[in-house]
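Residue numbers (our numbering): 1 to 268.
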Ligand SMILES: [Fe+2]
């Protein structure tokens, strides 16, 4: 099967474990050969995209109950929320492979690598959640990541600007704060969750870097100023406001320039 059709096939799978297995298998096949950038005839529709299980129940971000992570259930809800982000992240990486034609081959290889690592992250967190006595689907979850995928499905420049280097970059900022909280809690399961977040943070720097690389490549191709055009896209798609504290060290490693980091907290 065409490597990008394999991404669409994995994207449509609703069972999380089957999606993970299909993603790993197809990513390994894609890494071993060339990937054609041509338009995929007959797939210009979103039937069954994204495949996702009936649970978790999807609610507005403001409707997700706040639970104290100092309780077992609260920590499970916290791990579940990150597990849900990783499930969405598998889908958005597969979507980046499948949906956008005409990009250089390296673009598709990059996003297959991201999909593969997001599948690993989901597996690590889901195994941990199960060890705590819960499983994926047991808590309600919100849908911010996929909503931004939908909004940017007709514009790869907007997708690169607003999903990896805006929404996923917020994960770089948030992860150390979550880890500090888990360290304060100090239970064995909290320490184990923090160790998984070390792996995730390391990999997410690479994912945001891929977003930055392709955003800049596209701006150069299209004669756009990356900073000025980011403001246009941010307003056009109503991206969420970024909030301090920022993880400047991780953001610098992910390729944000000093000029971009100086303007992070300013309203666009
Ligand atoms: Fe991830």
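Glycine is no exception: its CB is placed at the ideal position from the N, C-alpha and C atoms.
Since the model is a prediction, treat every value here as computed from it, not as a measurement.
Tell me, which residues are paired with residue 141 by DSSP?
58
Using a 10 Å radius around the Cβ and a threshold of 16 neighbouring Cβ atoms, would you call residue 90 buried or exposed?
buried
With three or more C-beta pairs closer than 8 Å as the rule, is the segment 179-189 touching the segment 53-62?
no
Reduced DSSP category for residue 66 - H, G, I as helix; E, B as strand; rest coil:
coil
Is the beta carbon of residue 108 less than 8 Å from the beta carbon of residue 214?
no
Check whether the Cβ of residue 203 lies closer than 7 Å to any heavy atom of ligand 1, and answer yes or no.
yes
What does a CB cutoff of less than 7 Å around residue 12 pick up in its chain, not counting 5 residues either side in sequence?
48, 49 and 51
What number of angstroms, rounded off, separates the C-alpha of residue 129 from the C-alpha of residue 260?
36 Å
Under the three-state reduction of DSSP, which class applies to residue 136: helix, strand or coil?
coil
Tell me whether residue 200, by its Cβ, gets closer than 7 Å to a heavy atom of ligand 1.
yes
For residue 122, the nearest candidate out of 135, 266 and 236 (CA to CA):
135
Start-to-end residues for the alpha helix (DSSP H) that takes in residue 123
105-131
Burial state of residue 16, where buried means 16 or more other Cβ atoms lie within 10 Å:
buried
Where residue 49 sits in the DSSP three-state scheme:
coil
Helix, strand or coil for residue 248? Go by DSSP, reduced to three states.
helix
Distance between residue 208 and residue 168 (C-alpha atoms, nearest Å):
7 Å
If you reduce the DSSP assignment to three classes, tell me which class residue 153 lands in.
coil
Under 7 Å from any heavy atom of ligand 1, does the C-beta of residue 254 make it?
no
Please identify the residue among 237, 191, 28 and 170 whose C-alpha is closest to the C-alpha of residue 204.
170
DSSP state of residue 188 mapped onto helix, strand, coil:
helix
Need the endpoints of the alpha helix (DSSP H) that residue 16 sits in, please.
16-31
Give a single yes or no on whether residue 80 has its beta carbon closer than 7 Å to a heavy atom of ligand 1.
no
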